[in-house]
Every structure is written in C-alpha cells, then in structure tokens.
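K.L.:
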Amino acid sequence: MTFAPPIRAGGGLAYGLLGLPLAFVALPLYVLLPNHYAREFGMPLATLGAVLLAARLFDAISDPLLGRLSDHLFARSVRAVLGVGAVSATVLAMGLTSLFFPAVRGPDALMVWALVALLITYTAYSQLSIAHQSWGARLGGDELQRGRIVAWREGAALVGVVLASVLPALLGLPVMLSVFAITLLMGWWAWTRAPRPAA
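If you count the sequence shown from 1, position 192 lands on 201 in our numbering, and the numbers rise without skipping.
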C-alpha cells in the first residue's frame with residue numbers, strides 16, 4: 010500500500026471528467042459510423058467492417074508503443090503529459106469529425122479517407138486514454154482511494170455513453186460532435202487541475 014493524501018470530491022471530479030468524452034467515442038464508431046456510411050455514402054458494410062478491423066489491428070500494435078511514450082512523458086514531467094494530451098485531444102476531435110463529414114466522395118477515396126481518419130482517431134484516443142488511466146493509477150493510495158479514483162472516471166464515462174446514445178437521435182450528428190468537442194475541452198482543462206500523481 011502506498012501512502013497518498015486523500016483525494017476530495019473536487020479532485021476526483023477534476024481527474025474523472027475526461028472519462029466522459031473518452032467514453033463518448035466508442036458508440037459513434039461502432040454503432041453510428043457503419044449505418045452513416047451505408048446510408049449516406051452507399052459504402053457496403055463488409056467494406057467498412059474490413060476498414061474497422063484493419064484500424065483495430067493497427068491499434069493493437071501501436072498501443073504498447075503509446076504505453077512506452079506515456080511512461081517516458083511521466084518520467085519527464087506532468088506538463089509533458091498534459092501537453093501531449095492537449096495535442097491528442099485536438100487530433101481526436103478533428104479525426105472523429107472528419108469521419109462523419111468526409112471531404113471526399115467516391116467509393117475508393119471514401120474507403121481510404123475512412124481508414125486514415127480511423128487510424129488518426131484511434132491513435133489519438135489511445136494516447137489520451139493510456140495517459141489518463143496511467144495518471145489515475147499513479148495517484149496511489151489505499152484500495153478505497155484507488156476505487157474512488159476509478160469510480161470518478163467510470164462514472165463520468167457512463168454519462169458519456171448515455172450522451173453518445175441519445176444525442177444523435179435527438180439533435181443530430183453535428184450537435185453530437187459539438188458536444189463531444191466541448192466536453193473534451195472541459196475534460197482536458199479539468200485534468201490540468203486534477204491531483205498530481207506521485208513522482
């Protein structure tokens with residue numbers, strides 16, 4: 010058991026809030042995107058499935074490298090973690106938006122666009138998620154405190170899943186993506202004010 014000062018509710022919320030937009034990403038990618046591409050662009054679901062599979066395979070290879078990057082950033086400074094996190098959050102918002110509103114038409118161009126946008130989105134998402142979860146793990150404390158840290162993050166994630174499931178149907182994709190970008194900005198800003206992990 011590592012000693013760590015107790016984390017109050019404000020600190021837990023500051024850390025956990027980024028979990029909301031991060032959880033927001035999965036549902037649009039796996040539920041909304043296939044339907045959107047099939048309905049709006051006529052892309053066969055088998056083609057999009059192959060693109061999604063290729064992107065996930067790339068993700069499986071890149072995640073360990075992103076984990077090493079995260080360790081390196083934490084060894085440098087918290088500012089380095091937050092700085093790279095800001096870049097990843099920006100890229101993530103742009104990548105997700107470009108998936109739903111591609112700048113190309115035609116089956117081949119659209120397939121390449123979707124693959125590149127997915128690779129960018131997954132990489133930014135993974136970097137941000139790994140850094141955020143590593144931050145929580147490094148906050149230390151006893152089992153109760155670690156459980157509370159996870160509860161703040163996963164509680165915010167649950168809200169993100171609910172928002173991602175209702176916003177597209179109620180208000181449409183542009184509003185959903187705008188809410189995602191706003192909550193991502195708020196989550197990153199709150200993260201900069203979260204309790205600092207042990208050195």
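Backbone N, C-alpha and C define an ideal beta-carbon position, used for all residues, glycine too.
Start and end of the alpha helix (DSSP H) containing ALA140?
P.N.:
116 to 147
K.L.:
Going by C-alpha to C-alpha distance, which of TYR39, VAL175, ARG147 sits closest to ALA239?
P.N.:
Absent from the structure is residue 239, since the part of the chain shown begins at 10 and ends at 208.
K.L.:
Which residues in the same chain have their Cβ closer than 7 Å to the Cβ of MET10, if we skip the five residues on either side of it in sequence?
P.N.:
Model confidence at MET10 stands at a pLDDT of 45, short of 50, so the residue's coordinates are unreliable; what they give is reported in the following sentence. Result list for MET10: ASP151, in chain order.
K.L.:
Are LEU27 and TRP200 closer than 8 Å when you measure CB to CB?
P.N.:
yes
K.L.:
For VAL168, which residues of its own chain have a beta-carbon under 6 Å away from its beta-carbon, when the five flanking residues on both sides are left out?
P.N.:
Only LEU29 meet the Cβ criterion.
K.L.:
Is it buried or exposed, TYR39, if we count other Cβ atoms within 10 angstroms and call 16 or more buried?
P.N.:
Flag for TYR39 reads exposed.
K.L.:
Does DSSP put MET103 in a helix, a strand or coil?
P.N.:
helix
K.L.:
How about LEU101 and ALA133: are their beta carbons less than 8 Å apart?
P.N.:
yes
K.L.:
Which of helix, strand or coil does DSSP assign to PRO206?
P.N.:
The answer is coil: DSSP assigns PRO206 none of H, G, I, E or B.
K.L.:
Kindly examine the ligand NAP and report whether one of its heavy atoms sits closer than 7 Å to the Cβ of ALA173.
P.N.:
Inclusion of the ligand NAP in the displayed structure is not the case, the ligand content being empty and no account of it being possible.
K.L.:
Would you mind giving the Cβ-Cβ distance between GLY21 and ILE158, rounded to the nearest angstrom? I have them listed as a contact below 8 Å.
P.N.:
That belief holds up - the Cβ atoms of GLY21 and ILE158 are roughly 7 Å apart, short of 8 Å.
K.L.:
Would you grab the beta carbon distance between MET120 and THR56 for me? Rounded to a whole angstrom, and I think it's under 8 Å.
P.N.:
6 Å
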